[in-house]
Amino acid sequence: MENRGMNERIKSLRKQSVEAVPHIYIERAKLITDAYKMYEGTVSVPELRALAFKHFMENRSLCINDHELIVGEKGDSPQAAPTFPELCCHTLEDMHVMDSRDIIFFKVNDNDRKIQEEEIIPFWEKRALRSKMLNNLGEEWKKCYGAGIFTEFMEQRGPGHTVGGEVFYRKGFLDLKAEVETQINALDFINDKEALRRKQELEAMKICCDAIIIYAERYAKYAKELAEKESDPVRKAELLQIAQNCLVVPAHAPETYYQALQMYWFVHIGVTTELNPWDAFSPGRLDQHLYPFYKNDTAKGILDDTKALELLECLWVKFNNQPAPPKVGITLKESSTYTDFANINTGGIAPDGSDGVNEVSYLILDCMDEMRLLQPSSNVQISKKTPQKFLKRACEISRRGWGQPAFYNTESIVQELLNAGKTLEDARRGGTSGCVETGAFGNEAYILTGYLNLPKIVELTIYNGFDKVSNQQLGPKTGDAKDFKTYGEFFEAYKKQVEYFVNIKIEGNNIIEKIYAEYMPVPFLSLVTNGCIKSGKDYNAGGAKYNTNYIQGVGIGTITDSLAAIKYNVFDNKKFSMEELQKALDANFEGYEEIHHLVTNKTPKYGNDDDYADDIMKSVFDLYRGMVVGRPNVKGGKYGINMLPTTCHVYFGEVMMASPNGRKAHLPVSEGISPEKGADVKGPTAVIKSCSKMDHLATGGTLLNQKFTPSVVEGDLGLENMANLIRAYFNMDGHHIQFNVIDRKVLIDAQKYPENYKDLIVRVAGYSDHFHNLSKVLQDEIIGRTEQSFS
Amino acid sequence: MEHLLLDIQKYSIHNGEGIRTTIFFKGCPLKCKWCHNPESQSYRAEIMYNKEKCVSCMRCLMKCPQKGIVEKDGFYPVPRDKCDACATCVDFCIYGAREKAGRLYSVDEVIKEIEKDKMFYEQSNGGVTLSGGEVMTQDINFILQILKRCDRMGYNVNIDTCGYSSFERFEKILPYVDTFLYDIKHIDPDKHRLLTGKDNVLILDNLKKLNDKNGKIHIRIPVIEGVNSDDENINGIADFIKDMNITMVSLLPYHAIGQGKYDRIDMEYEGTDFSAPGEERMLEIKNIFERKNIPVKIGG
Numbered sequence: 001m002e003n004r005g006m007n008e009r010i011k012s013l014r015k016q017s018v019e020a021v022p023h024i025y026i027e028r029a030k031l032i033t034d035a036y037k038m039y040e041g042t043v044s045v046p047e048l049r050a051l052a053f054k055h056f057m058e059n060r061s062l063c064i065n066d067h068e069l070i071v072g073e074k075g076d077s078p079q080a081a082p083t084f085p086e087l088c089c090h091t092l093e094d095m096h097v098m099d100s101r102d103i104i105f106f107k108v109n110d111n112d113r114k115i116q117e118e119e120i121i122p123f124w125e126k127r128a129l130r131s132k133m134l135n136n137l138g139e140e141w142k143k144c145y146g147a148g149i150f151t152e153f154m155e156q157r158g159p160g161h162t163v164g165g166e167v168f169y170r171k172g173f174l175d176l177k178a179e180v181e182t183q184i185n186a187l188d189f190i191n192d193k194e195a196l197r198r199k200q201e202l203e204a205m206k207i208c209c210d211a212i213i214i215y216a217e218r219y220a221k222y223a224k225e226l227a228e229k230e231s232d233p234v235r236k237a238e239l240l241q242i243a244q245n246c247l248v249v250p251a252h253a254p255e256t257y258y259q260a261l262q263m264y265w266f267v268h269i270g271v272t273t274e275l276n277p278w279d280a281f282s283p284g285r286l287d288q289h290l291y292p293f294y295k296n297d298t299a300k301g302i303l304d305d306t307k308a309l310e311l312l313e314c315l316w317v318k319f320n321n322q323p324a325p326p327k328v329g330i331t332l333k334e335s336s337t338y339t340d341f342a343n344i345n346t347g348g349i350a351p352d353g354s355d356g357v358n359e360v361s362y363l364i365l366d367c368m369d370e371m372r373l374l375q376p377s378s379n380v381q382i383s384k385k386t387p388q389k390f391l392k393r394a395c396e397i398s399r400r401g402w403g404q405p406a407f408y409n410t411e412s413i414v415q416e417l418l419n420a421g422k423t424l425e426d427a428r429r430g431g432t433s434g435c436v437e438t439g440a441f442g443n444e445a446y447i448l449t450g451y452l453n454l455p456k457i458v459e460l461t462i463y464n465g466f467d468k469v470s471n472q473q474l475g476p477k478t479g480d481a482k483d484f485k486t487y488g489e490f491f492e493a494y495k496k497q498v499e500y501f502v503n504i505k506i507e508g509n510n511i512i513e514k515i516y517a518e519y520m521p522v523p524f525l526s527l528v529t530n531g532c533i534k535s536g537k538d539y540n541a542g543g544a545k546y547n548t549n550y551i552q553g554v555g556i557g558t559i560t561d562s563l564a565a566i567k568y569n570v571f572d573n574k575k576f577s578m579e580e581l582q583k584a585l586d587a588n589f590e591g592y593e594e595i596h597h598l599v600t601n602k603t604p605k606y607g608n609d610d611d612y613a614d615d616i617m618k619s620v621f622d623l624y625r626g627m628v629v630g631r632p633n634v635k636g637g638k639y640g641i642n643m644l645p646t647t648c649h650v651y652f653g654e655v656m657m658a659s660p661n662g663r664k665a666h667l668p669v670s671e672g673i674s675p676e677k678g679a680d681v682k683g684p685t686a687v688i689k690s691c692s693k694m695d696h697l698a699t700g701g702t703l704l705n706q707k708f709t710p711s712v713v714e715g716d717l718g719l720e721n722m723a724n725l726i727r728a729y730f731n732m733d734g735h736h737i738q739f740n741v742i743d744r745k746v747l748i749d750a751q752k753y754p755e756n757y758k759d760l761i762v763r764v765a766g767y768s769d770h771f772h773n774l775s776k777v778l779q780d781e782i783i784g785r786t787e788q789s790f791s
Numbered sequence: 001m002e003h004l005l006l007d008i009q010k011y012s013i014h015n016g017e018g019i020r021t022t023i024f025f026k027g028c029p030l031k032c033k034w035c036h037n038p039e040s041q042s043y044r045a046e047i048m049y050n051k052e053k054c055v056s057c058m059r060c061l062m063k064c065p066q067k068g069i070v071e072k073d074g075f076y077p078v079p080r081d082k083c084d085a086c087a088t089c090v091d092f093c094i095y096g097a098r099e100k101a102g103r104l105y106s107v108d109e110v111i112k113e114i115e116k117d118k119m120f121y122e123q124s125n126g127g128v129t130l131s132g133g134e135v136m137t138q139d140i141n142f143i144l145q146i147l148k149r150c151d152r153m154g155y156n157v158n159i160d161t162c163g164y165s166s167f168e169r170f171e172k173i174l175p176y177v178d179t180f181l182y183d184i185k186h187i188d189p190d191k192h193r194l195l196t197g198k199d200n201v202l203i204l205d206n207l208k209k210l211n212d213k214n215g216k217i218h219i220r221i222p223v224i225e226g227v228n229s230d231d232e233n234i235n236g237i238a239d240f241i242k243d244m245n246i247t248m249v250s251l252l253p254y255h256a257i258g259q260g261k262y263d264r265i266d267m268e269y270e271g272t273d274f275s276a277p278g279e280e281r282m283l284e285i286k287n288i289f290e291r292k293n294i295p296v297k298i299g300g
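Protein chains in written order, with full-length UniProt numbering: chain A, 1 to 791; chain B, 1 to 300.
Dropping the structure here:
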């Protein structure tokens with residue numbers, strides 16, 4: 001395996017990160033359980049959560065890896081994964097599965113298992129939040145969830161998709177604590193009916209300030225101890241510097257570039273061990289946050305580019321050391337990866353609207369190019385003002401084939417945020433996180449609630465709401481499709497089905513969110529999310545300045561081509577009847593080769609800039625958008641939609657029979673807004689044109705994968721054309737595009753001989769992953785994606 | 001007005017500057033032995049038959065309205081004498097073994113396809129390339145209509161030509177064309193006839209006249225080892241163009257991509273012995289042009 005890194009320090013840290021074995025870190029579960037035993041019933045819920053967090057920070061094990069400059073791990077060492085039994089209490093069977101599964105495993109040792117069995121399970125089995133949720137959700141919801149109509153993000157992980165803003169680069173936690181105290185003193189117990197709740201939440205925040213400061217002080221002490229024992233004078237000085245940093249941050253605002261990075265990292269560890277929110281806790285616009293420190297330090301002569309880059313590379317290793325929290329069941333299927341989706345946006349624009357590309361932006365590109373790690377997801381925001389040099393440098397890295405950086409359209413992000421009611425300045429401070437999800441960084445709780453299986457709903461429409469896979473009536477009886485005289489009638493029935501399932505999903509969301517607000521506040525995350533201190537309300541209870549829920553639509557390519565196949569062949573050209581189509585689908589097209597040929601090869605398809613198919617895509621999208629966007633959630637905010645799949649397109653395909661577009665039963669559906677595999681035959685400009693007919697600005701993010709053969713993007717000309725494609729797509733309001741530039745032959749060989757390709761990284765959905773860590777079906781799906789070439 | 005086209009290709013990045021849409025006309029007066037699009041040579045639509053994909057399901061045989069398809073050695077070749085390229089067999093060939101080369105397009109249809117990618121032309125300084133087959137031997141009114149509409153919309157147009165056509169035609173389209181991608185295959189008229197079926201007198205004469213009329217010219221030379229890669233030929237070409245106002249010479253090393261397609265239209269490939277010159281020789285050839293101060297590059 002290639003040993004990357006700018007110098008020996010980084011090489012050895014990176015090696016440790018890549019080679020460490022992912023394992024369960026049981027200490028958190030144990031300490032949290034002890035704290036609940038100590039405090040539960042004696043204090044309010046927010047204070048209980050805060051005291052548990054503090055107990056953990058006071059007693060947890062510390063880790064300073066050899067040579068490292070930034071300290072703090074979620075667990076006891078790299079690749080350790082804490083568990084969160086208060087949310088999802090793993091059974092011994094779960095532990096066994098995690099330990100023994102082939103991919104995305106977590107090793108569990110005998111001691112872990114013993115603690116789980118003797119201390120964790122007895123205490124949490126019945127009280128974990130997941131049980132509370134399942135007790136409160138209706139039968140319809142459970143049926144739909146079980147049949148794969150939608151997934152549920154919050155059953156094993158906390159609400160998240162939240163990204164850090166600039167607050168903790170300007171204020172220390174002592175400053176924040178003082179702000180909280182001011183708020184407490186200003187509470188009006190005469191007129192404000194919620195004053196007590198606010199006080200409890202604010203008191204909890206205060207405890208969390210103490211907790212994170214204590215954690216850093218323990219690190220300062222530990223680093224000093226190590227320094228005293230250290231014989232190498234260079235390392236000794238480094239350890240003393242670490243100790244000094246930990247006494248400044250997080251208690252106080254960072255004074256230097258180095259401390260700014262350490263500050264961010266302490267906050268990251270705080271947020272991701274307080275609970276396990278989705279998508280870790282990204283630093284968001286890292287180049288914007290670091291730039292003032294960089295400028296200041298370089299002017300003073302205490303920082304040069306080599307040192308600045310080295311510290312970035314140290315941070316990159318830190319991200320890569322933290323695997324996503326262990327998942328099981330459907331949640332594992334929808335997000336089958338170690339990646340925890342911390343997603344760094346580089347470039348874009350500054351809050352005043354000027355070009356945001358600065359020296360640190362280029363350093364970050366150098367860092368991602370050198371490091372080539374799974375984590376963090378490294379991306380660039382491209383605006384009209386972005387210099388061509390920056391765009392081309394990003395293209396140059398992207399065409400190396402491992403999928404990073406992905407490209408985001410700043411103007412679209414800003415417009416999407418404005419459409420969703422953000423102020424212009426907040427919008428300009430925003431970006432995308434997770435895979436492609438738009439958010440007002442530092443100001444918004446934007447919660448992805450689950451994926452919706454759009455092609456499955458067409459399947460149900462064909463069979464009058466009956467699901468032949470799970471063998472039960474799932475949707476409303478909207479009529480036997482055989483009796484429909486027009487495509488309009490079919491689409492009308494589909495509309496009723498979508499409406500029904502969207503309502504069930506939203507009902508479920510409302511219940512789950514209330515449960516989180518009640519039982520699982522996150523006072524530490526609330527401290528660093530604008531709005532929570534001021535409102536005295538928790539992040540999980542609508543305390544943030546903005547509160548958005550997303551439902552992510554999956555399979556737009558498959559559903560569009562399926563509806564096009566029905567409209568074109570059954571109604572417009574009468575090539576075969578609905579009854580014949582049903583029989584063909586029932587038989588998985590076996591014995592119906594001619595129908596399969598017609599729908600596969602002789603029907604207009606999405607992805608070819610053909611209005612026949614693309615108009616259908618628009619009708620599906622507009623309907624979905626109309627049903628979701630703008631609906632109220634229970635936190636005082638609104639619903640939005642994204643079009644992205646992570647790995648859910650594989651799971652959603654599994655629960656489906658054959659589809660009218662010729663896709664065979666149980667194979668993956670299309671991913672993101674990309675066309676169905678093999679459907680796009682007119683080249684990349686046609687794909688981009690089709691995709692741009694969707695109204696991206698009405699979403700909170702869309703995901704487009706483009707696969708190129710390496711020869712298409714080689715040389716200066718290839719680079720130029722890649723940059724031009726991106727600019728043109730963005731001129732048409734496209735939200736995001738990413739590239740896989742790997743020869744198909746390489747992927748096929750890697751599937752056969754995984755041992756030879758241990759460090760082959762490919763783009764999956766909004767993230768990259770090791771090819772050998774993907775399921776066989778997902779590997780096949782990526783190999784099968786249309787490769788755009790030229791002649 | 002409708003015209004037979006072979007294909008309209010999007011994201012064409014090797015037929016002039018930037019991202020382009022290339023319109024391939026069908027039919028060519030030359031028969032170059034190395035031609036990589038043999039299905040572009042005939043001025044008529046034709047059915048291509050790929051034996052490798054055929055599973056002998058016999059749907060073509062049963063569905064052919066001419067009843068012309070007859071089994072031969074387990075395969076179902078196209079009855080070239082009877083076939084009018086109605087493509088019924090193509091529609092029913094579920095294994096994709098049969099394809100139709102050539103389809104009629106109206107001017108509006110062509111323009112609609114061109115307009116689809118206008119965002120990309122703007123971004124990349126690209127545009128439209130009319131190619132073939134040989135565009136200059138096709139219906140000039142059809143071509144003029146396309147050119148005039150592109151001109152009005154501000155799309156940059158390149159003409160990819162072998163030069164074998166009356167100069168009158170070049171003159172007619174000259175005002176609407178940005179660049180001529182002009183092929184020179186060999187400087188010797190006899191060898192040219194041997195390799196392409198026609199001598200090069202008209203071609204070189206047109207090139208001179210085009211230069212005199214201030215046409216923007218980008219020369220393209222397919223380079224085949226031992227066939228036209230010798231010093232004598234290269235020097236001959238270079239000397240012929242050195243006093244002209246040439247924007248660029250592209251040296252295109254031979255490739256065998258089109259070889260497999262010959263069998264599909266029952267043609268024989270005469271270029272099995274052809275190969276590209278080595279990298280070193282390509283650089284030497286490039287050097288010959290450079291020494292004469294002619295702008296040159298390897299590749300499109």
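Glycine residues also receive a C-beta, built at the ideal position from the N, C-alpha and C atoms.
Asked	Found
Against Thr685(A), what residues of chain B qualify as contacts under a CB-to-CB distance less than 7 Å, listed in chain order?	Lys10, Tyr11, Ile19, Asp117, Phe120
Tell me, to the nearest whole angstrom, how far the beta carbon of Ser229(B) is from that of Gly300(B); I am working on the premise that it is less than 8 Å.	Their Cβ separation, rounded to whole angstroms, is 18 Å, which puts Ser229(B) and Gly300(B) out of contact at 8 Å.
Determine which residues share a DSSP beta bridge with His218(B) and list them.	Leu181(B), Met248(B)
Alpha helix (DSSP H) containing Met205(A): first to last residue?	195-229
Run through the region 262-328 of chain A for me and flag every whole alpha helix (DSSP H) of 4 or more residues, listed as ranges in chain order.	286-300, 305-320
Any Cβ of chain B within less than 8 Å of the Cβ of residue 792(A)?	The requested residue 792(A) does not occur in the structure, where chain A is confined to residues 1 to 791.
Return the first residue and the last residue of the alpha helix (DSSP H) that Pro754(A) is part of.	Here Pro754(A) belongs to no alpha helix (DSSP H), and DSSP marks it neither H nor E.
So, is Leu134(A) buried or exposed, given that buried needs 16 or more other C-beta atoms within 10 angstroms?	exposed
Less than 8 Å separating the beta-carbons of Thr438(A) and Gly701(A)?	yes
By Cβ distance, which residues of its chain are closer than 7 Å to Ser791(A), with the 5 residues on each side in sequence left out?	Low per-residue confidence applies at Ser791(A): pLDDT is 36, beneath 50, and the placement is therefore not dependable enough to give any value.
Report yes or no: is there a C-beta of chain E within less than 8 Å of the C-beta of Asp239(B)?	Among the chains of the structure shown, chain E does not appear; the protein chains present are A and B.
Three Cβ pairs or more, each shorter than 8 Å: is that satisfied between the region 556-567 of chain A and the region 482-494 of chain A?	yes
What's the call for Tyr36(A), buried or exposed, on a 16-neighbour Cβ count within 10 Å?	buried
May I have the straight-line CA-CA distance separating Val634(A) from Ala517(A), to the nearest angstrom?	10 Å
Would you list, in sequence order, the uninterrupted beta strand (DSSP E) runs of no fewer than 3 residues that lie entirely inside the region 7-55 of chain A?	23-25
How would you call Met1(B), buried or exposed, if buried means at least 16 neighbouring beta carbons within 10 angstroms?	exposed
Quick one: what's Asp467(A) bridged to in DSSP?	Gln472(A)
Which residue wins for smallest C-alpha separation from residue 301(B), given the options Asp266(B), Asp212(B), Ile224(B), Leu104(B)?	For chain B, the structure presents residues 1 to 300; residue 301(B) sits outside this window and is missing.
Express the C-alpha separation of Glu86(A) and Lys126(A) in angstroms, rounding to a whole number.	10 Å
Quick one: using the 10 Å Cβ neighbour count with 16 as the cut-off for buried, is Met38(A) buried or exposed?	exposed
Quick check: what's the CA-CA separation for Glu73(A) versus Asp733(A)?	39 Å
For the alpha helix (DSSP H) containing Asp263(B), name the first residue and the last one.	259-264
Enumerate in chain order the residues of its own chain whose CB-to-CB distance from Val107(B) is below 7 Å, with the five nearest sequence positions on each side excluded.	Met1, Phe142, Gln145, Ile146
What did DSSP end up calling Arg631(A) once you bin it into helix, strand or coil?	coil
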